[in-house]
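Notes follow the structure.
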Ligand SMILES: [Zn+2]
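In the numbering used here, the protein residues as written are 329 to 660.
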C-alpha cells in the first residue's frame, strides 16, 4: 500500500492472477520500489502476485490438491465433487481455479474464490474513496498490449505507453475488469505484457513504464507521460473479446501436419495475402510438410511462438485484417 503525501484518488494494481504471467508481478514489485510516496497524491494499493502457488508451479492455476484422474488425455475436464479439475496443460484457463473468472469471489468456497473475495473486499471496496483506476496485469506470448473493451479503455490504453492496443469489444463478467466496471469504477484496464512463464527485462520495463504513465494520467503523479510515436491498434476476433466469441475461421491458418514450426515472420508483423508465414518441418527427414501462407492481408495475431512443436489442427496464427496506427500524443 502506497500512501501518498498529498490526498487524491485511489488506484489499484493487480498482477499475476495467472501463475505463468510473472512479468506483471516483477513489474509491480519494481514499481513499488521506485515510486516516491512523497511525490504521490492519493493511495495506490498493489497486489503484486495474486496467485503465488500457481506461480511457483509454473501453471496458470493451482488445482488446490484435486488431482486429475489417470488415463488418456480428455478434451473436457473431468469433474469430481462438482469441481472442474484442471488438466495437465499449463495453458488451460478453463477450470474452476482460474482467478480471473471468479470476481468478486465468495467465502466458504475454494481457496481461489476466497483469495479473490479477500482482495475484492479489502483492496477494491475496503478503501475510501473507491478506486477510480484499476489496472490488471497479465502476460501473453506477443508484444505487450492493452486489451481495450470500449472507446474509453482505448483512449486510456493509448496513454499506457505500450506499443499495441487490441479493441476486444467486450470483457468477461467475472473478470476483475468486468466486476470493477459493474460497480461503476470509471477507468479499468487489462494489460498483457510480453512473455509467459518468464520475466524478461523488456517486459518488466514496459510494465513499470505503463504504471507510471497511468498514474500520471490519473494526476496522482506529476510529470510528462513517456509515449511512443505511434501505437498499433488492432481489432481482432471480429471485434469480440477472446474466449467470449469464436474468432472467424476464415482468418485462422492451421497446421495440416504434426511437426516443427519454423517461423518466417514475427508476431504482429504485417503480411500480404500469399506471403509465407512459416514452414512445418519433419524432424526425421528435414522435409517441409507444409508451407503456411497468409490467407489475407493483415497482421499476424496469436502466432504460434510459445513452443516450436505443433500438432495437426492447431492454429499457426490468425490474420488480423482490421488495424490502424494511432499517435497517442495526437489522440490526447
Ligand atoms: Zn492472464
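We treat Cβ as the ideally placed atom computed from N, Cα and C, and that holds for glycine. This structure is a prediction, so every number in the text was calculated from the model and none was measured.
- For residue 383 against residue 353, the beta-carbon gap comes to about 7 Å, under 8 Å, which counts as contact.
- When the five nearest sequence neighbours on each side are left out, the beta carbons in the same chain lying within less than 6 Å of the beta carbon of residue 543 are those of 549, in order along the chain.
- Apart from sequence neighbours up to five positions away, the residues of its chain that approach residue 377 with a beta-carbon distance below 7 Å are 343, 344, 353, 383, ordered along the chain.
- Assignment of residue 337 by DSSP, reduced to helix, strand and coil, places it in the strand class.
- With a cutoff of 9 Å on beta-carbon distance, residue 506 and residue 448 are scored as not near each other.
- With a cutoff of 9 Å on beta-carbon distance, residue 461 and residue 536 are scored as not near each other.
- Taking the Cα positions, residue 644 is about 28 Å away from residue 482.
- Of the other Cβ atoms in all chains shown, fewer than 16 fall within 10 Å of the Cβ of residue 635; this residue is therefore exposed.
- In the same chain as residue 580, and ignoring 5 residues on each side of it, the C-beta atoms closer than 6 Å to its own belong to 643, 646, in chain order.
- Contact between the stretch 493–500 and the stretch 470–481 is established, with three or more Cβ pairs separated by less than 8 Å.
- Excluding sequence positions up to five before and after residue 381, its CB lies within less than 7 Å of the CB of 390, all in the same chain and listed in chain order.
- When secondary structure is reduced to three states using DSSP, residue 645 falls in the strand class.
- In the structure shown, residue 652 adopts extended strand secondary structure according to DSSP, grouped into three states.
- Where residue 442 is concerned, the enclosing alpha helix (DSSP H) starts and stops at 439–447.
- Boundaries for residue 345: no alpha helix (DSSP H) harbours it, and the DSSP string shows neither H nor E there.
- Here the C-alpha atom of residue 369 lies approximately 11 Å from the C-alpha atom of residue 363.
- For residue 508, the shortest separation between its Cβ and any heavy atom of ligand 1 does not lie below 8 Å.
- By the CB criterion at 9 Å, residue 504 and residue 538 fall outside the cutoff.
- Using a Cβ distance threshold of 9 Å, residue 541 and residue 555 count as a contacting pair.
- Residue 340 has its alpha-carbon roughly 40 Å from the corresponding atom of residue 582.
- Within the DSSP secondary-structure output, residue 627 pairs in a beta bridge with 598, 648.
- When DSSP states are grouped into helix, strand and coil, residue 579 belongs to the helix group.
- Contact annotation: residue 485 and residue 599 have beta-carbon atoms that are not nearer than 9 Å.
- Each of 546, 637, 392, 551 was checked against the Cα of residue 438, and the nearest Cα belongs to 392.
- A distance below 9 Å separates the beta carbons of residue 563 and residue 651.
- Residue 382 carries a helical assignment under DSSP once its states are collapsed to helix, strand and coil.
- Boundaries of the beta strand (DSSP E) harbouring residue 618: 616–621, taken from the DSSP string.
- Residue pairing of residue 607 in beta bridges, as defined by DSSP: 590, 619.
- In this structure, residue 633 lies near residue 469, with their beta-carbon atoms less than 9 Å apart.
- Taking 8 Å as the cut-off, one finds at least one heavy atom of ligand 1 near enough to the beta carbon of residue 345.
- A distance criterion of 8 Å places the beta-carbon of residue 467 in contact range of ligand 1, judged by its closest non-hydrogen atom.
- In this structure, DSSP gives residue 332 a state outside helix and strand, which the three-state scheme calls coil.
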